[in-house]
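In what follows, a structure is listed as structure tokens, so that the remarks can point back to it.
Protein chains: 2
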Amino acid sequence: MATLAPATPKGDAVASDRILRAATGLFCERGYHGTSVRTLARVLRLETASLYYHFPSKQEILFAILDRTLDDLLDGLRRAVAAADGAEQRLRAAVRYHVLFHAHRRQEAFVSHSELRSLTPGHLRRVVAKRDQYEDVFRGLLTAGVRGGVFQVPDVKLTAAAILSMCTGVALWFSEGGRLAPEAIAGRYVEIIVRSVDRRGKGPRS
Amino acid sequence: MATLAPATPKGDAVASDRILRAATGLFCERGYHGTSVRTLARVLRLETASLYYHFPSKQEILFAILDRTLDDLLDGLRRAVAAADGAEQRLRAAVRYHVLFHAHRRQEAFVSHSELRSLTPGHLRRVVAKRDQYEDVFRGLLTAGVRGGVFQVPDVKLTAAAILSMCTGVALWFSEGGRLAPEAIAGRYVEIIVRSVDRRGKGPRS
DNA sequence: GTCTATAACTAGATAGAC
DNA sequence: GTCTATCTAGTTATAGAC
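Chain order of the listed sequences is A and B.
With the first sequence counted from 1, adding 76 to any position gets you the numbering used here.
With the second sequence counted from 1, adding 76 to any position gets you the numbering used here.
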């Protein structure tokens, strides 16, 4: 589960990684348009001109954050799913991974969802393509379970969206020193979701 | 279900309602900090100075949107719950109402979630207090069901957060001309959620 | 209730020294 | 690789005419 660790060690990060980390925190807290290049520079104890040596524009900083985060997210999901057997175990692994990622890398995950609208059209297209691939993995897991007779899901597309909304929400409220550890949250979410798609659950309006 | 209709008829809205409607659309699309007062004025075919006759600041426009939306949301939820009997029916009514609101009043709902961070501290406090009341209703419904022996929910607080994240997500992707009508989506969400909390569902790791 | 004109400030970005 | 200095344009908000 390498993608759950920060992308670079905190001690001796190269300059561009320092910038991305600081930008992630600010974009998470105040939003992309709510964060000025001057503010970002001040946090980094640099002048604004110095930032432009590392990135050609503020927009490229945002894109780098989203692009890297989505790469890590998708890569980790594929590993997690590949390590499990059977439809239910694969769905459990996928949900667990998604929740852990959104807890451990909360700020990056939050920005990746909240700042899609701040991307230029070209950047947006590339990021959305990756997000769609990610969603397709979940749809595939549900479809496999339905075909295998272990899940009962009337609308795979809608259910995948519902599951992902629920799990992504963790990035909105998770706090490191909070009541529940990431693993505990992930465990509960897995149970909630598996119950809701399980063939043995109660039927509609029964 | 009066709160699912627009707050004011579109034809002869008073000026401040016209402003709030236009601002809601822009804040939803580009964010609060991504929308300039000039842009808002242009959309309304006014000069920026004219806006300041109706609202003292851009911040007050944002607050008015969130405050009204949360009032309507909480009011409608209480009505919906009061009209149902029994723990399961009440939860069904609450989830259905929440989803319908987030589909029918998508932009207001979206802004109310995404722009909390753009509120000044005083405004934020007031809005968060209302949001907490809203969440408390859901927690109360789950607790009642657990006490009545119809729900099996190990962690009411976490489950309420999970349910609300899932349903609120509808405001992110719902489209009026889309494949599914609001009622169809609400119906599916109700089933997903009721299954996941029902006592008769499969137990943990069974 | 809407306008023109503008004040006071901040935005993203660049030139060129060191 | 970071700095000082600065450009151009855009920002929220106000004064005062109509």
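Positions of the beta carbon are idealized from the N, C-alpha and C atoms, including for glycine.
Is there a C-beta anywhere in chain A that falls below 8 Å from the one on residue i?
i: Leu-234 of chain B; result: yes
i: Ile-137 of chain B; result: no
i: Arg-166 of chain B; result: no
i: Ile-95 of chain B; result: no
i: Tyr-47 of chain B; result: No information on residue 47 of chain B is available, as it lies outside the stretch 77 to 282 that chain B covers here.
i: Gly-245 of chain B; result: yes
i: Asp-231 of chain B; result: yes
i: Leu-142 of chain B; result: no
i: Arg-106 of chain B; result: yes
i: Ser-133 of chain B; result: no
Within 10 angstroms of the Cβ of residue i, are there 16 or more other Cβ atoms? Answer buried if so, exposed if not.
i: Glu-191 of chain A; result: buried
i: Ser-194 of chain A; result: buried
i: Ser-282 of chain A; result: Any reading at Ser-282 of chain A must be qualified, since the residue scores a pLDDT of 40, below 50, and its modelled position is unreliable; no value is offered.
i: Glu-259 of chain B; result: exposed
i: Gly-225 of chain B; result: exposed
i: Arg-264 of chain B; result: buried
i: Gly-277 of chain B; result: buried
i: Glu-123 of chain B; result: exposed
i: Ser-188 of chain A; result: buried
i: Glu-252 of chain B; result: exposed
i: Arg-182 of chain A; result: buried
i: Val-171 of chain B; result: buried
i: Ala-185 of chain A; result: buried
i: Val-90 of chain B; result: exposed
i: Glu-267 of chain A; result: buried
i: Gly-221 of chain B; result: buried
i: Arg-301 of chain B; result: Residue 301 of chain B is absent from the structure shown; chain B starts at 77 and stops at 282.
i: Ala-156 of chain A; result: buried
i: Ala-262 of chain A; result: buried
When the cut-off is 8 Å and only beta carbons count, does residue i lie next to chain B?
i: Ile-268 of chain A; result: yes
i: Arg-118 of chain A; result: no
i: Ser-272 of chain A; result: yes
i: Arg-182 of chain A; result: no
i: Leu-256 of chain A; result: yes
i: Ala-237 of chain A; result: yes
i: Gly-277 of chain A; result: yes
i: Arg-193 of chain A; result: yes
i: Gly-110 of chain A; result: yes
i: Ser-190 of chain A; result: yes
i: Val-251 of chain A; result: One detail in the question is off: residue 251 of chain A reads as Ser in this sequence, not Val. Not one chain B Cβ lies under 8 Å of Ser-251 of chain A.
i: Ser-241 of chain A; result: yes
Would you list the residues sitting across from residue i in a DSSP beta bridge?
i: Asp-274 of chain A; result: A:Phe-227
Short check: CB of residue i to CB of residue j, under 8 Å?
i: Leu-153 of chain A; j: His-174 of chain A; result: yes
i: Asp-151 of chain B; j: Thr-196 of chain B; result: no
i: Val-273 of chain B; j: Arg-168 of chain B; result: no
i: Leu-102 of chain A; j: Leu-116 of chain A; result: yes
i: Phe-214 of chain A; j: Ala-163 of chain A; result: no
i: His-180 of chain B; j: Gly-107 of chain A; result: no
i: Leu-217 of chain A; j: Val-229 of chain A; result: no
i: Leu-256 of chain A; j: Leu-234 of chain B; result: yes
i: Ile-141 of chain B; j: Thr-111 of chain B; result: no
i: Val-113 of chain B; j: Lys-134 of chain B; result: yes
Got a sec: does the ligand MG put a non-hydrogen atom nearer than 7 Å to the Cβ of residue i?
i: Cys-104 of chain B; result: You won't find the ligand MG in this model; it holds no ligand whatsoever.
- Is the stretch 203-215 of chain A close to the stretch 142-150 of chain A, with three or more CB pairs under 8 Å? The stretch 203-215 of chain A is in contact with the stretch 142-150 of chain A.
- Query: Any chance the stretch 237-246 of chain B sits against the stretch 233-244 of chain A, with 3 or more Cβ pairs inside 8 Å?
  - Reply: The answer is yes - the stretch 233-244 of chain A touches the stretch 237-246 of chain B, with three or more Cβ pairs under 8 Å.
- Query: Is there contact between the stretch 124-141 of chain B and the stretch 87-99 of chain B, where contact requires at least three CB pairs shorter than 8 Å?
  - Reply: Touching, yes.
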